[in-house]
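First comes the structure, then the notes that go with it.
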């Protein structure tokens with residue numbers, strides 16, 4: 332079973348693993364706030380390597396012991412919910428990159444977890 336396609340917005344917040352909000356990892360604070368606000372879901376992705384606008388390289392190579400690895404928080408929801416979320420977390424964001432993309436959401440299944 333699947334739902335009809337629905338228009339949504341994909342929010343991506345690019346940050347560093349060492350970024351903090353109120354003493355805890357920023358990615359954790361963002362996911363917990365998204366859950367508190369009832370957003371559809373959130374996923375945190377950890378990158379093994381990357382660089383940003385300052386061209387500083389972040390890498391997980393063994394000799395450098397995973398220094399401030401790149402992280403991406405992804406959230407897909409309605410444009411209204413995404414904007415409300417961004418308004419609520421604006422003071423936490425500091426120096427991050429935010430992207431917004433139009434997305435089409437199709438949900439499969441009945442909402443229960445799949446069993447192996």
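Residue numbers (the working numbering): 332 to 447. Cβ atoms here follow ideal geometry from the backbone N, Cα and C, with glycine treated the same way. Note that the structure is a prediction, hence the values are computed from the model and not measured.
Can you grab the Cα-Cα spacing for the pair residue i / residue j, in whole Å?
i, j, result
"residue 411", "residue 366", "16 Å"
"residue 431", "residue 341", "6 Å"
"residue 444", "residue 437", "16 Å"
"residue 414", "residue 398", "31 Å"
"residue 332", "residue 404", "28 Å"
"residue 385", "residue 374", "26 Å"
"residue 371", "residue 428", "21 Å"
"residue 354", "residue 380", "24 Å"
For the alpha helix (DSSP H) that residue i lies in, which residues bound it at each end?
i, result
"residue 417", "410-420"
"residue 367", "357-367"
In the DSSP assignment, find the beta strand (DSSP E) that holds residue i and state where it starts and stops.
i, result
"residue 428", "428-436"
"residue 381", "380-382"
Going by other Cβ atoms of all chains shown within 10 Å of its Cβ, with 16 needed for buried, is residue i buried or exposed?
i, result
"residue 352", "buried"
"residue 339", "buried"
"residue 363", "exposed"
"residue 408", "buried"
"residue 401", "buried"
For residue i, which beta-bridge partners are listed by DSSP?
i, result
"residue 342", "406, 431"
"residue 374", "405"
"residue 352", "355"
"residue 451", "Nothing in the structure corresponds to residue 451, since the chain is present only between 332 and 447."
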